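Novice: Protein chains in written order, with the UniProt record's numbering: chain A, 1 to 249; chain B, 1 to 413.
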Amino acid sequence: MKYLKLVNFEINRFFKLYMVLVGMVIVSQIAGVIVESRSFIKEANMTIRELGLTYTSYAEDYGSLSLGSIMRSGWFVLPIALCIAGLSFYVFFIWYRDWFGKNTFVYRLLMLPTARLNIYFAKATTIFISVLGLVGLQLLLLPIENKLFRSLVPVDLRHDAPMSELFTFFDGLGIIIPAHLSTFIIHYGIGFMIVFIIFTAILFERSYRLKGIVFGGLYCVIALGIFLLPFIIVIYQEKMYLYPNEMFG
Amino acid sequence: MKKYVKAVVIALFTIITIGTYYIQTSFASSNYPQFTLKTISGDESEVNDISVHSNYQIKQDGKVWLEETAEISKTGTTYMRDKSYYGEMLKGYSVNKDYDYLMKNYRSFMRGNEGDPVTFAENDHYLVNVRIDYNYVSGYSNSEFTVNTYNKKTKKKASFTLPIPDYTKYDWINIQDVRLANGKIFVATTNEMSELDKDGNYVETNYEGHIYTIDLQNNKMLKEEILLEKAFKEGHVYGLDRSILETSPYMVLVFDKFNATETDEHVEDEMEVPIQQIMIIYNIETDETEVLNMQKVVKTSSVSYESRKGNTVFISTQNDEKLTVYGYDLESKKVASKQTFVLPKSMMESKYVIDGNRTFIIDNQKKGNTSFGTITAYDTKTGKLLYEGSIEIKGNKGLRSNEEMEFYNINKH
Chain A
1 MKYLKLVNFE INRFFKLYMV LVGMVIVSQI AGVIVESRSF IKEANMTIRE
51 LGLTYTSYAE DYGSLSLGSI MRSGWFVLPI ALCIAGLSFY VFFIWYRDWF
101 GKNTFVYRLL MLPTARLNIY FAKATTIFIS VLGLVGLQLL LLPIENKLFR
151 SLVPVDLRHD APMSELFTFF DGLGIIIPAH LSTFIIHYGI GFMIVFIIFT
201 AILFERSYRL KGIVFGGLYC VIALGIFLLP FIIVIYQEKM YLYPNEMFG
Chain B
1 MKKYVKAVVI ALFTIITIGT YYIQTSFASS NYPQFTLKTI SGDESEVNDI
51 SVHSNYQIKQ DGKVWLEETA EISKTGTTYM RDKSYYGEML KGYSVNKDYD
101 YLMKNYRSFM RGNEGDPVTF AENDHYLVNV RIDYNYVSGY SNSEFTVNTY
151 NKKTKKKASF TLPIPDYTKY DWINIQDVRL ANGKIFVATT NEMSELDKDG
201 NYVETNYEGH IYTIDLQNNK MLKEEILLEK AFKEGHVYGL DRSILETSPY
251 MVLVFDKFNA TETDEHVEDE MEVPIQQIMI IYNIETDETE VLNMQKVVKT
301 SSVSYESRKG NTVFISTQND EKLTVYGYDL ESKKVASKQT FVLPKSMMES
351 KYVIDGNRTF IIDNQKKGNT SFGTITAYDT KTGKLLYEGS IEIKGNKGLR
401 SNEEMEFYNI NKH
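(1) Tell me, please, which residues DSSP counts as bridged to K157/B.
(2) Output yes if chain B places a C-beta closer than 8 Å to the C-beta of G172/A; else output no.
(3) Return the Cβ separation of I72/B and S54/B in integer angstroms, given the expectation that the two are a contact with Cβ distance under 8 Å.
(4) So is S73/A in contact with chain B if we call contact Cβ pairs under 8 Å?
(5) On the three-state DSSP scale, how would you describe H266/B?
(6) Counting pairs of beta carbons, one from the region 10 to 24 of chain B and one from the region 145 to 152 of chain A, are three or more of them closer than 8 Å?
(7) Specify whether the region 203 to 218 of chain B and the region 176 to 193 of chain B touch according to this definition: at least 3 beta carbon pairs, one from each stretch, less than 8 Å apart.
(8) When DSSP labels each residue in this structure, what does P113/A get in the three-state scheme?
(9) List, in order along the chain, the chain B residues whose C-beta lies closer than 7 Å to that of G133/A?
(10) Counting along the chain, where does the beta strand (DSSP E) carrying M251/B start and finish?
(11) Would you identify the three-state DSSP class for Q276/B, choosing helix, strand or coil?
(12) Short check: CB of I94/A to CB of I129/A, under 8 Å?
(13) I need the DSSP call for T247/B, collapsed to helix, strand or coil.
(14) Roughly how many whole angstroms lie between the Cα atoms of Y87/A and L4/A?
(15) With a 10 Å radius around its C-beta and 16 neighbouring C-beta atoms as the bar for buried, classify H159/A as buried or exposed.
(16) What does S57/A reach in chain B if we use C-beta pairs closer than 8 Å?
(17) Smallest Cα separation from S307/B: which of N293/B, V297/B, V252/B?
(18) State yes or no: is the beta carbon of N12/A nearer than 8 Å to at least one beta carbon in chain B?
(19) Measure from the C-beta of N8/A to each C-beta in chain B and report whether the shortest distance is under 8 Å.
(20) Indicate the three-state DSSP secondary structure (helix, strand or coil) for I354/B in the structure shown.
(21) Can you tell me which of the three DSSP states T370/B falls into?
(22) Going by DSSP, what residues sit across from R400/B in a beta bridge?
(23) Give a yes or no on whether the C-beta atoms belonging to P20/B and K74/B are separated by under 8 Å.
(24) Taking the straight line between their C-alpha atoms, what separation do you get for P165/B and I211/B?
(25) Measuring CA to CA, which of T340/B, I315/B, T312/B, F314/B is closest to K322/B?
(26) Quick one: give me the first and last residue of the beta strand (DSSP E) that residue 420/B is part of.
(27) I'd like to know whether the C-beta atoms of K412/B and V342/B end up nearer to each other than 8 Å.
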């Protein structure tokens with residue numbers, strides 16, 4: 001229960017900033033669909049009037065609009081990039097704010113009558129929930145955006161693609177939302193492993209200061225080395241000692 | 001509980017959205033059109049290990065909007081996009097039948113021993129693998145054969161190295177076949193020499209065919225035999241793939257000689273007609289070598305080597321839409337079978353595959369809305385029709401006007 005309380009406490013502290021990120025994604029992506037669709041229709045209508053074309057012949061000559069092409073615009077890419085940057089920053093901030101606040105809050109946190117490991121896991125859980133929450137938001141937003149797009153752009157001027165096609169079109173989204181659950185687990189598993197490694201390195205730094213930076217750095221290098229060891233062996237030995245399925249083992 | 005409302009809401013939202021998405025995708029069938037092989041006549045099992053390598057495209061306003069490779073087999077269509085990369089990796093790769101056999105039965109020996117299956121040989125007592133760590137031998141002072149052995153009775157692995165005789169004479173040495181007989185390992189290689197031309201580029205100047213005989217008990221090189229010395233100034237050499245699962249006392253090396261006149265680099269090699277085609281057959285049991293001029297054997301200007309099954313080497317000649325397949329018997333030293341097949345005009349290239357005793361021909365002539373072509377399988381030796389199947393799309397609608405499915409070639413697994 002102590003752990004859950006700590007998770008809830010951490011989420012409450014992050015909630016406002018998190019809502020800003022959520023709001024930004026929703027507003028920017030929805031606005032993106034509206035603005036891009038409208039400007040496309042406006043341009044199309046102008047050309048159609050000037051040249052006396054039909055919607056179909058315009059689409060044939062000038063191309064139709066798809067949600068996929070809107071998804072490649074800054075309206076989509078920027079908020080996603082900002083969320084990634086924000087959460088990456090928060091991986092560090094979640095620890096350092098406790099030391100560098102007005103009063104060193106971390107001492108109160110560390111004095112709590114619970115295992116200190118709970119604090120570590122609570123902070124990690126907050127990061128995981130926030131990351132996956134944003135992924136979930138994107139999954140919820142896409143069908144809504146698709147509906148909105150269909151209602152804005154006439155059928156002759158648009159290219160309808162199934163949802164899974166949209167994911168594969170925007171390469172970055174393919175990493176964030178892979179087509180298979182196994183790939184999803186591996187991508188996020190690796191991501192969370194990195195978060196744990198960074199957390200430990202931060203605690204090295206907090207515990208031993210300057211020396212700790214060296215320890216932390218070494219720890220990161222060793223952890224990365226162990227992670228990449230199967231590949232390093234292949235490169236140096238020029239032989240595959242491990243079968244592909246053992247590479248993950 | 002009320003205290004935890006924010007955490008609970010975010011966690012629940014995450015689980016529901018991500019969970020729903022992946023449950024949906026796991027139940028949903030592929031978004032792409034599904035093709036299958038529908039038997040018209042013959043035995044369906046003939047195409048058990050056959051698939052049609054295809055390319056699917058969605059076009060938007062004349063431009064390719066989505067492109068995806070697919071494999072069509074009798075069990076259905078597999079699109080690359082629908083495969084999970086990690087899932088495939090966890091299942092383990094399947095390169096070919098020989099490799100699967102080796103990995104399944106000698107998992108520990110095969111660890112770190114990846115390489116061409118032809119570099120492995122097996123008899124009742126041993127499994128051996130011969131490799132040269134650096135095929136580019138002239139650059140290394142320690143060019144040697146590494147022989148890895150596995151004793152099936154004692155289940156012990158061993159390894160030894162042997163220097164390659166006169167390796168400094170050669171620039172490249174490639175192992176084309178390895179065999180085991182009477183306590184000896186036979187290694188067939190093609191050795192290449194090169195020199196600098198006037199522009200400072202290395203050009204192959206000579207190819208040789210060698211057989212190295214290694215004593216398995218004493219780990220010694222017994223002899224080196226040059227099957228064809230100073231073969232060609234300009235040419236191609238290659239071994240004919242044979243399966244480790246088949247026993248045959250014959251090792252086969254093939255040399256194609258091309259005109260040595262300078263040709264434009266951009267001209268595709270396949271466009272050139274070889275001026276001489278030689279097949280060398282070495283019998284590991286009798287130590288006999290035979291050199292054949294294949295153009296004379298089948299009385300034609302150019303032959304293609306297709307495949308080998310046991311003691312038969314299948315070679316073909318093509319004249320417009322007529323494909324003639326000869327089965328050359330290594331034992332009786334004569335052409336044992338000759339069959340002519342008519343190739344479809346519709347496919348541009350890669351119309352057929354000769355897998356030993358079976359010849360597969362693909363035709364991409366559409367019939368109606370649902371049939372996108374046919375696959376036929378014939379007995380290579382007798383010409384008998386074994387199987388005829390239609391490449392059918394599921395459903396009655398066919399493809400949408402902006403969709404295209406193109407067949408590239410027949411894959412044998």
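Glycine included, each C-beta is placed from N, C-alpha and C at the ideal position. The structure displayed is predicted, hence computed values, not measured ones.
Specialist: Inspection of the coordinates gives the following:
(1) Y150/B
(2) no
(3) 6 Å
(4) no
(5) Low per-residue confidence applies at H266/B: pLDDT is 49, beneath 50, and the placement is therefore not dependable, though the value from the model is reported in the following sentence. Coil.
(6) no
(7) yes
(8) coil
(9) I10, F13, T14
(10) 250 to 257
(11) strand
(12) no
(13) coil
(14) Sequence inspection shows Leu at residue 87/A; the Tyr mentioned does not correspond to that position. Spanning the two alpha carbons is a distance of roughly 21 Å.
(15) buried
(16) Residues of chain B passing the Cβ test: none, with the nearest at roughly 11 Å.
(17) V252/B
(18) yes
(19) yes
(20) strand
(21) coil
(22) Answer by DSSP bridge pairing: none, since R400/B is not bridged.
(23) The residue asked about is misnamed: residue 20/B is Thr in this sequence, not Pro. No, Cβ-Cβ distance for T20/B and K74/B is not below 8 Å.
(24) 12 Å
(25) T340/B
(26) Outside the displayed range of chain B (1 to 413) lies residue 420/B, so it cannot be described from this structure.
(27) no
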